[in-house]
Amino acid sequence: MAELLELARTAPSGANLQPGRFIALTGAPLAALVTDLAVALDAGRPTVSEYGWFPDPMPDVLKARQRDAGHALYAALGVEKRDLAGRRAQFRRNYRFFDAPVGIVVTLDRAMGPGAFLDLGMALQTLQLAAIGAGLASCGIGALANHADVVQESLGIPAHELVICGMAIGFEDPTAPANATRTTRAALGDYAELRGFD
Ligand SMILES: Cc1cc2nc3c(=O)[nH]c(=O)nc-3n(C[C@H](O)[C@H](O)[C@H](O)COP(=O)(O)O)c2cc1C
């Protein structure tokens, strides 16, 4: 993990500020966080929302992408659209870091400007690529931010840090149904323009 995190830190960042902190957990410390999250979820602790992904209202084109990604996952899992319990059970797996042996909690100092999110994204993808290079697999867990307060308390993260997301790192199980999920991407013309190339 130290090697992977050192590789993640080779990612470029604006003015080389290298923002963000990665708290890598395994064994008892990971189990303790997962237990605290399970207790909070079972108690119906409300979600928090310190930063968001989704515009409100959500444009139809984005709704369609979100819906398609959800369909792809639940189809791979064999969970029906109306099976709310099945969907909830899958969603709860976020808070167990998908049973991976390593869970990483990513934080950012609240004083940083929005550009620091770009830097963190660069580092996170470098971490994911480094994991692949080491024969491992990973999954980002933005859902962790929905219960950032629980994570903050459980790990004693200082109040000036914002819990951005989690990351599960482990060994891919090619037989796990969720790993048969295949997503698509928008067509080139939908998100890019090529001017003066012809
Ligand atoms: C920053 C980030 C946060 C993510 N959060 C979650 C999450 O909370 N739960 C989850 O199941 N997948 C999560 N993902 C995985 C995305 O849903 C997935 O990357 C996307 O649907 C595209 O699928 P692909 O990675 O198979 O191409 C996250 C990915 C990123 C990059």
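Last residue of the sequence shown: number 201 in the working numbering, and the count goes up by one each step with no gaps.
Backbone N, C-alpha and C define an ideal beta-carbon position, used for all residues, glycine too.
If you're wondering where the values come from, they're calculated on a predicted model, not measured in any experiment.
Exercise for the section: Leaving out five residues on either side along the sequence, give the residues of the same chain with a beta carbon under 8 angstroms from the beta carbon of T50. Expected result: Excluding sequence neighbours, T50 sits near N149 and H150.
Practice task
Starting from the C-beta of S157, find all residues in its chain whose C-beta is less than 8 angstroms away, skip the five residues before and the five after it, and write them out in chain order.
Solution key: A35, L36, D39 and L40
Handout entry: Limits of the alpha helix (DSSP H) - the one that A151 falls within
Key = Per DSSP, A151 belongs to the alpha helix (DSSP H) from A151 to L158.
Practice task
Going by CA-CA distance only, name the one from P177, Q93, E9 and D102 that's closest to G30.
Solution key: D102
Exercise for the section: Pull up the CB-CB distance for L127 and L111, whole angstroms please, since I reckon it's below 8 angstroms. Expected result: That pair is no contact at about 11 angstroms.
Handout entry: Which of helix, strand or coil DSSP assigns to F174
Key = In the structure shown, F174 adopts coil according to DSSP, grouped into three states.
Practice task
Under 7 angstroms Cβ to Cβ from A79, same chain only, skipping five residues before and after it: list those, please.
Solution key: P180, A181, A183 and T184
Problem - Any non-hydrogen atom of ligand 1 within 7 angstroms of T186 CB - result: Taking 7 angstroms as the cut-off, the C-beta of T186 counts as close to a heavy atom of ligand 1.
Handout entry: Limits of the unbroken alpha helix (DSSP H) element including D59
Key = Careful: D59 lies outside any alpha helix (DSSP H) and carries neither H nor E.
Practice task
Quickly, what does DSSP pair R68 with across the bridge? List them, please.
Solution key: Paired residues: none, contrary to the question.
Problem - Exposed unless 16 or more other CB atoms sit within 10 angstroms - verdict on G138 - result: exposed
Exercise for the section: Could you tell me the boundaries of the beta strand (DSSP E) in which T110 lies? Expected result: V105 to D112
Practice task
May I ask which residues mark the beginning and end of the alpha helix (DSSP H) holding G2?
Solution key: The structure shown does not extend to residue 2, since the chain spans only 4 to 201, so no value can be given for it.
Practice task
Name the residue from A171, V154, G55 and L87 whose alpha carbon lies nearest to the alpha carbon of S141.
Solution key: A171
Problem - Closer than 7 angstroms: G159 CB and nearest ligand 1 heavy atom - result: Outside the cutoff, so no.
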